[in-house]
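If you count by our numbering, then the sequence shown holds residues 5 to 105, one letter each, in order. Where a beta carbon is used, it is the ideal one built from N, C-alpha and C, also for glycine. Keep in mind the model is a prediction, meaning the values are calculated, not measured.
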Amino acid sequence: RAVSIEFRSKEPMAWWRRLWDVLYSAASTGIALLLGVVLGNVLQGMPLDERGEFSGSWLSFLNPYALLVGVMALALLMVHGAIYLIMKTEGKLYEKLTRLV
5 RAVSIEFRSK EPMAWWRRLW DVLYSAASTG IALLLGVVLG NVLQGMPLDE RGEFSGSWLS
65 FLNPYALLVG VMALALLMVH GAIYLIMKTE GKLYEKLTRL V
C-alpha cells in the first residue's frame, strides 16, 4: 500500500494514477479480508497436535466460517470508512455518500 501512495504522484498521466489507485484499493481490500480470515480461524480454533504444532494444511485456513468472518470484517471496515467520510465531508459529496450508505 505504501508503494502505491509513493508512486501515484511520480507521473502526471491519468492512467498511471488510476493504476495505483486500483492497486491501493485491491491491497486494502485484500488486507481487510485476510485479517478477517485470520480472526475467524483464531475464534474457531486451529488443529494442533499433541506437541502444540499446527497439524492442518494451508487450505484448512480457508474454511467457510473463517471466510464468512473475513467477509464480515471487510463489510464492517467498509461501513466504518463510509461513516468516517460522511462525518468529514459536506456539500455534494456529503449528499452522494449519504445516498450510497
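Cβ neighbours of L101 within its own chain (closer than 8 Å, five residues either side excluded): A86, L89, I90 and T93.
Residue pairing from DSSP places F58 in a beta bridge opposite L52. Take G60, set aside five residues on each side of it, and the residues of its chain with a beta-carbon closer than 7 Å to its own are M50 and P51, in chain order.
Distances from the CA of T33 to each of R21, Y98 and G74 were compared; the closest alpha carbon is that of G74.
Membership of M91 in the alpha helix (DSSP H) is indicated by the continuous run P68 to K92. Shown here for A70: same chain residues with a beta carbon closer than 6 Å to its own, the five before and five after excluded, namely V41, G44 and N45 in chain order. Only residues of its own chain outside the window of five on either side were considered, and among them Y69 have a CB closer than 6 Å to the CB of Q48, listed in chain order. D25 and W62 have their alpha carbons spaced roughly 31 Å apart. In this structure, L81 lies near A36, with their beta-carbon atoms less than 8 Å apart.
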